[in-house]
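Heads up: the structure comes next, in structure tokens.
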Amino acid sequence: MDFSLNEIQAMLADSVDKFIQNEYDFDTRQAYAESDTGFSADVWSTFAELGWTAVPFAEDDGGLDGGPADIMVLMQQLARGLVVEPYLANVILAGGILRRAANAEQKERWLQPMIAGELHATLAFNEPQARYRLTSVATTATRDGDDWILNGCKGVVLNGGTADLLIIPARTSGNADDERGITLFGVAADSDGLTCNAYATYDGQRAAEVILDGVCVEDRAVLGEVDDGFADLDATIDEATLAVCAEAVGIMQVLKDKTVEYSKDRSQFGVPIGSFQELQHRMVDMLMACEQAQSLLLWAVMANASGSEESKRAVSSIKYLVSTAGRSLGEDAIQIHGGMGVTWELDVAHYFKRLTAIGTMFGDADWHLDKLASASH
Amino acid sequence: MDFSLNEIQAMLADSVDKFIQNEYDFDTRQAYAESDTGFSADVWSTFAELGWTAVPFAEDDGGLDGGPADIMVLMQQLARGLVVEPYLANVILAGGILRRAANAEQKERWLQPMIAGELHATLAFNEPQARYRLTSVATTATRDGDDWILNGCKGVVLNGGTADLLIIPARTSGNADDERGITLFGVAADSDGLTCNAYATYDGQRAAEVILDGVCVEDRAVLGEVDDGFADLDATIDEATLAVCAEAVGIMQVLKDKTVEYSKDRSQFGVPIGSFQELQHRMVDMLMACEQAQSLLLWAVMANASGSEESKRAVSSIKYLVSTAGRSLGEDAIQIHGGMGVTWELDVAHYFKRLTAIGTMFGDADWHLDKLASASH
Amino acid sequence: MHVTFSEADLAFQEEVRTFFRDEYPDEIREAVSSGEELPREMQIRWQKILFEKGWAGINWPTEHGGTGWTPVQKYIYAREEGNANAPVIVPFGLNMVGPVIYTFGSEAQKNRFLPDILASNTWWCQGYSEPGAGSDLASLKTKGDLVGDHWVVNGTKTWTTLGQFADWIFCLVRTTSDVARRQEGISFLLIDMKSPGVTVKPIILLDGTHEVNEIHFDNVEVPVENLVGEEGKGWTYGKVLLQHERTNSANTFRSEYRLRKLREQAATSVRGAPPLADDKNFMRRLAAVEVELKGLEYTELRTLAAVSSGKAPGPESSFLKIKGTEIQQAIDTLYMDAAGYYALPYRADPSVGEGTETLTALRYFNFRKATIYAGSNEIQKNIIAKHVLGL
Amino acid sequence: MHVTFSEADLAFQEEVRTFFRDEYPDEIREAVSSGEELPREMQIRWQKILFEKGWAGINWPTEHGGTGWTPVQKYIYAREEGNANAPVIVPFGLNMVGPVIYTFGSEAQKNRFLPDILASNTWWCQGYSEPGAGSDLASLKTKGDLVGDHWVVNGTKTWTTLGQFADWIFCLVRTTSDVARRQEGISFLLIDMKSPGVTVKPIILLDGTHEVNEIHFDNVEVPVENLVGEEGKGWTYGKVLLQHERTNSANTFRSEYRLRKLREQAATSVRGAPPLADDKNFMRRLAAVEVELKGLEYTELRTLAAVSSGKAPGPESSFLKIKGTEIQQAIDTLYMDAAGYYALPYRADPSVGEGTETLTALRYFNFRKATIYAGSNEIQKNIIAKHVLGL
């Protein structure tokens, strides 16, 4: 039994930590977030140079052969800098599909340039009517000779506005909400008939509404087997859920530490507010939430990595905890910071907003608790 | 707009209060609870003499023509003494059915002696498989010439062991869980084929499992119309729910007061524990729960009394609050009392147990929140 | 025991209801419904409509142009105002400094300031909090020195809501430092925002809005006639306001309106999704908040009945503040959760999401302030522990 | 990063599993399952089985007859013990006074007491708390005066669990009153319960059980050789125990067992009612507790991994105590709510309700103590605030 980081993980953690410390302070992050694209192209190149974009991919594909634990380490560290560069969209989401479903030619065309930082990609897993149901794919793809014609809408596509490649799940057969009948397509962002309405999200990141109006793609755009895309989509979203949970746990720890620090510095009625017992106990609750979250994250990462039958349950467990305990921890952090906590100026508010966004992503607390309630053990 | 007690209510409150103060201290209550029948026959006679058993009945039936508000006042005061005499079983439950459904002959036979304190009655509204579904009536009544034959089980019948008369809802037509097809029967406790397994409940009260094995009753045992008993049953249970909620609110206030008092007297680390901020805030929460409960109780009582369309929603609202906020208030009262709180010796534990029992009675928090969730407003 | 109104009150209710139906301009109604902050000119236009109607000074006595309403009338009015989702009145003039001036001010001050306040000709803001003080209001450091016939004011006020629009500010200023209790030696000054030395610096809140400000006073000269009441007694006058601020923060009818709308929304399909009403979990959470709100409504009614029958209001205001803000935040959370992914877009193109979906998270973030301002909820609990429970 | 065990550990796990399968007597197994308190003789019989197997002194070093197990082995053992729903070992001898004696006691004390403790020949109880002291343990008043070669002990101890069965009691007694810190001047005495002047008075708990006692000492003579370690250093020895008591109170595997059983029960029809598994609300509450428990399990594992790699355990014990007892109580509540009306009967005829239904509320009431004893959860939070957060 060993929960310590292996050598590679320790190096990874250390290099991300150094990067955040030296090159990614809060003001820099804010400047990147407010730039046109919502992130820094230079920083993204650095990520590629440092090999971070290569972590989860096979060595044959130019990757580092990393697993969920390595991604966890990386995301938990990136969280400390509230990094806005599109790691989730490119490496975890699009990368997760490409890794699983792309053939050699597609890997060369899409995966390798993505790893090199030269091509931006994302996965449009959501539709306006879907809420959190991955199977709710109303976008259609129909045969047109050797080509496919795509029609439909994709909603809140993470980093959709800057992506060169959009991976589009579309229905090629079956009924609404069937698992079977979903096919994954790699679609160039500049395809005719594709409109992308990009916007900022409240957590300082970017997303887009994507409309596909008779978009025509060749047959070689199909990733994996026709009608059989759901399994890869589902596995990728599980990984992405773990990745944002790792980020959330990192944020929870930062918020807890900053709140404790603030409560020691800040005086009211002539004493530090950290001396008030009611606040002390609340900060103890914050600490305990961090410990529970860290524990469940480790469980979920190990279960997912080993492909254990517990994996789905573990993923829903950590997501449920992050969505509930994370929310109340975030709210307490703001409350204890008082007036300062609700200002744009202080980083605390931005950690809180990102944590809130993660709470919703890939299913909120209710969604995952429902899964756990009906799971058999 | 007026929330004050009218003259009769004020007199009622005052007379119950005096009775509890003078004749019903905690040790006396414990002695009654531990006696063979679980209550004092003398005290019950006093209740009848003082007219308390007559409150909700029509003047023509020998009653005082009181309404839900009068019952509320009475129950909230009785709560302070944790009174074990079977007011709920006789006056509210059996009385609720008799008042609504009994004909003149039945009133003379059953209701008037009950009001006089000479006959004990109860309503066997529950069955082992029912959980909280009033419609779950599996006990059957079938015609046998002019008579009816009853077969089935009734579970946790309040004060069933000392009742002379059991009011038995039985299925005369329809399927399990249908509202239609339930008929109410007045059955003498000493009927052939009726077995009553009586026991104490954890809150110092009594109940019984009742088995009906071919119990034969005459047609004049039918209360109201055949197949049509559900409406009276349902209305009676709503009133009973309000009555126990009033009792619960009374208990919550007692627990809050006793806890605040204890926290001032009890010292640890050289200071009263009431000086610890974390406990102070918890006691403020207890106070606020009491205020919210009192408010909802008033709403529910007025809505029920006026037969407003809000009535069902109001009853479920106060019951939900009593079951949730009451539970956490009770748990906090015990926790703040520390070791003393978990002893039999201290009255606090017994208030807590009664409050817990009420939490379950006539539907727990989940049950009532479900009703509220699907209610249209 | 009843909650029915008298005939006269019912007639009044009808009048108020008709007013909101007929005289609440559609343009303003829509702007309020959009969920965005109401533009200043619409805010003033609405307040002037109320002034024309004679309903600007809700709490004011008739001699100063107030309504002279009974507590029950005020209650009825507030309920109809909430039901109509009418704009929230900017409170600093009409509800805060106005009452202080007509209660403690000189005749000259009354004549000079009250008419413009009532007619919403002047926009007022509040100078209470200071950087670093937070809920510990009495620790204030802004100083006023008497030099000739002026108070020379130096210091900084913060969290000044809508101060960027203000013509005047009322301030608590320390005018005597050698005092036994920190609450003494504080005076209540009225300061023209155009005075030389006043600077307004925006504070941006976490949702990106400019709503509050820091106000700096650098040797600002305030004529002695702008001192309200006695020198050094400002704390007493100021406390009256705070009490009011807290009661007001219960916002029961606003919350009721929002819950009702949410139930309506849940019953319909948004963006082609199945109605949220099919989601039992969500509806249970909604119902639980409805229960709390109904309790609060009746707690307010009980307070009202007590006040109507002549009892003085006590620390109930702390209770109402705590519960009211907790419920507000619970509703904000429900709206945000109902929007799901569509809470994420930040001030996006209105075609994204439906209705106010993309504003739900911003409101959730913005209203974290509700449990912090006007004396944090922790402070309110301290007050109840001390003054009600005697701890 | 992995949670797999070594080959040797897996073999050990198999051995333990086999032992519980084959050597845990059915009679005791059924008695434990009944939910009633285990009779004293069964308790002793079971502890003697463990002794015969060489597994009585889990934490003891081999030189005193202990297992000498590694932290991982202890973990594996505890898990199998929980899975088997084996009796909870009465901790006062084996887990509490035993370790104090072999760590701080004299050779004579070791020879005299340890073998009987290990073999469960003597039943021990604990004399720490005093009436009026509660969580403020250091305020203890029981006094020992040295008269010749005896300590003469006077005072009262309370909350003494199962003291009615005990042969011996270990006590914290104030032997010097003139001290700088209240924690000084306290000694650790071993007292024969048969000594003249010892009286045991039952305390009945709210569920009606006799589980704890008040022990009075009226000029009880305790031979000086029954003082453990140095006079006045008892607090230090006692603290070691408390730390242990808290870690132990996490009860992770017991909770896991109970949750698993509850899920099984929910899947079946009880009393002809539809299975609770159809009740989504109940299952959601159950699932939420499962999440918390899984988190606690991994927190324990992380602590274990740290200890195994040589790090000293810190205030984690407070964390485990808080979470562990909260989860225990949450499970108690679920069982009670699952039983519905059938939680109401008090020690009724076993034909009433099904299985342990009529005991669920009694357990819920009884285990309110879990967040109070062994240093209330509030005290544990104070400890974490001070020692972990540095507040």
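Chains as they are written, first to last, in numbering that gives the first Met the number 0: chain A, 0 to 376; chain B, 0 to 376; chain C, 0 to 390; chain D, 0 to 390.
Glycine included, C-beta positions come from ideal geometry on N, C-alpha and C.
Whole-number beta carbon distance between residue j and residue i, since they are thought to touch under 8 Å
{"i": "I70/A", "j": "A242/A", "result": "6 Å"}
{"i": "W123/C", "j": "F169/C", "result": "7 Å"}
{"i": "S322/B", "j": "A364/B", "result": "4 Å"}
{"i": "H280/A", "j": "E330/B", "result": "At roughly 16 Å, the Cβ-Cβ gap does not stay under 8 Å, so H280/A and E330/B are not in contact."}
{"i": "T235/A", "j": "R130/A", "result": "Wrong, their Cβ atoms sit about 19 Å apart, outside the cutoff."}
{"i": "V72/B", "j": "Q111/B", "result": "The pair is not a contact, with the Cβ atoms about 24 Å apart (cut-off 8 Å)."}
{"i": "Y340/D", "j": "N125/B", "result": "6 Å"}
{"i": "E190/D", "j": "V219/D", "result": "Reading the sequence as shown, one finds Ile at residue 190/D and not Glu. Sure, about 6 Å apart at Cβ, within 8 Å."}
{"i": "M287/A", "j": "S262/A", "result": "About 16 Å; that fails the 8 Å criterion."}
Same chain only: Cβ atoms within 6 Å of residue i, ignoring 5 sequence neighbours per side
{"i": "D326/B", "result": "Residue identity differs from the one stated: residue 326/B is Arg in this sequence, not Asp. The residues are G358."}
{"i": "G65/C", "result": "G56, W59"}
{"i": "D217/C", "result": "G196"}
{"i": "R265/A", "result": "I272"}
Between the CA atoms of residue j and residue i - distance to the nearest angstrom
{"i": "E84/A", "j": "S316/D", "result": "40 Å"}
{"i": "H215/C", "j": "L388/D", "result": "37 Å"}
{"i": "T134/B", "j": "R78/C", "result": "39 Å"}
{"i": "L275/D", "j": "Q76/B", "result": "37 Å"}
{"i": "I166/B", "j": "D166/D", "result": "56 Å"}
{"i": "V211/C", "j": "L161/C", "result": "6 Å"}
{"i": "S176/C", "j": "G184/C", "result": "6 Å"}
{"i": "G233/D", "j": "I382/D", "result": "21 Å"}
Helix, strand or coil at residue i according to DSSP, with G and I counted as helix
{"i": "V2/C", "result": "coil"}
{"i": "T355/A", "result": "helix"}
{"i": "W167/D", "result": "strand"}
{"i": "L205/C", "result": "coil"}
{"i": "L122/B", "result": "strand"}
{"i": "S194/C", "result": "coil"}
{"i": "V300/B", "result": "helix"}
{"i": "N89/B", "result": "helix"}
{"i": "V83/B", "result": "coil"}
{"i": "G126/C", "result": "strand"}
{"i": "M253/B", "result": "In the sequence under discussion, the amino acid at residue 253/B is Val, which differs from the Met named in the question. In this structure, V253/B counts as helix in the three-state DSSP scheme."}
{"i": "E263/D", "result": "helix"}
{"i": "Q29/A", "result": "helix"}
Cβ neighbours of residue i in the same chain (closer than 8 Å, five flanking residues each side left out)
{"i": "I378/C", "result": "S134"}
{"i": "K52/D", "result": "F18, E22"}
{"i": "K311/B", "result": "D237, K370, A374"}
Own chain residues within Cβ distance below 7 Å of residue i, not counting five before or after
{"i": "Y23/C", "result": "A83, A85"}
{"i": "V314/B", "result": "D237, T240, L241, A299, N303"}
{"i": "L284/D", "result": "A quick correction: the sequence has Arg, not Leu, at residue 284/D. Same-chain partners within the cutoff: L333."}
{"i": "P67/B", "result": "E238, L241, V300, N303, A304"}
{"i": "F2/B", "result": "L297"}
Problem - Residues of the region 359-390 of chain D with Cβ closer than 7 Å to any Cβ of chain B, in chain order - result: A360, L361, F364, R367, K368, T370, I371, S375, E377
Practice task
Mind checking the region 185-200 of chain D against chain B and listing, in chain order, the residues whose C-beta falls within less than 7 Å of any C-beta there?
Solution key: none
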